[in-house]
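Take 60 as the starting number for the sequence shown in our numbering and just add one per residue. Glycine residues also receive a C-beta, built at the ideal position from the N, C-alpha and C atoms. No experiment lies behind these values; they were computed from the predicted model shown.
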Amino acid sequence: ERHPKLKVAFIETCSGIDRMLDDIEVMDLLYDDDWRGKEALVDKVTRFSSTLDWRAGPQRAKLIKNTRETLSKPPREYIKSNVWISVEDNEPEWARARQVVGADRLMWGSDYPHNESTWPQSMEKIRALVTRLRVPDDEVRKMMGLNAAALWGFDVNKLRPSAMQYGPVFN
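If you want it as structure tokens, here you go:
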């Protein structure tokens, strides 16, 4: 609310992004107070919290009140407008992140030069992944570079020759 132009990027999230995606979903639950059918998610997130039981009536009521008084729109909307998340070649994470956050805020990362990097097979792995998940071409282009260019303010036209030579290119 106070910083609408703030940009936040989660890059190289070593333990994966599942926990972050859980937290996003629980923040929306707090905002909407719609817990029906979400008990498993709430239980999962509660296990990670040493100070708060998300299910407890008084604590939950206070969180909901504070969330609604502070935010004018659901938390997920702030994520979709101000947060970028890097995803590696983990198929379940890709599928869930596209569902929770949307392709407009996801960026692929190879994790080079670390041992667990997809390099030098990055192109083959990413092609196989987007094929299995049936990711539309426009989403692939966003996640493979356009989102990063938007985040950091890169001039896509100036980068196009280098991207065509060195970057992930899909036809």
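| message | Please tell me whether, using a cut-off of 8 Å, the distance from the CB of GLN180 to the nearest non-hydrogen atom of the ligand MN is below it. | response | Although the ligand MN was asked about, the structure shown includes no ligands whatsoever.
| said: Let me make sure I understand the geometry here. Which of LEU88, TRP143, ALA156 and VAL142 has the alpha-carbon closest to that of THR126? | reply: LEU88
| query | Going along the chain, which residues of its own chain have a beta-carbon closer than 8 Å to the beta-carbon of THR72, five neighbours each way excluded? | reply | MET79, ILE144 and SER145
| query | In chain order, which continuous runs of the alpha helix (DSSP H) of length 4 or greater are located wholly inside the stretch 122 to 155? | reply | 134 to 141
| field | Through-space distance from LYS184 to TRP178, alpha-carbon basis | value | 9 Å
| task | Would you mind sorting VAL85 into buried or exposed? The rule is 16 or more other CB atoms within 10 Å of its CB. | result | buried
| Between the CA atoms of LYS66 and LEU210 - distance to the nearest angstrom | 7 Å
| message | Whole angstroms are fine: how far does the CA of ILE70 sit from the CA of ILE76? | response | 10 Å
| message | What would DSSP say about LEU205, mapped onto helix, strand or coil? | response | helix
| Could you give the residue range of the beta strand (DSSP E) that holds LEU80? | Run containing LEU80: none in the beta strand (DSSP E); it sits in the alpha helix (DSSP H), 77 to 91.
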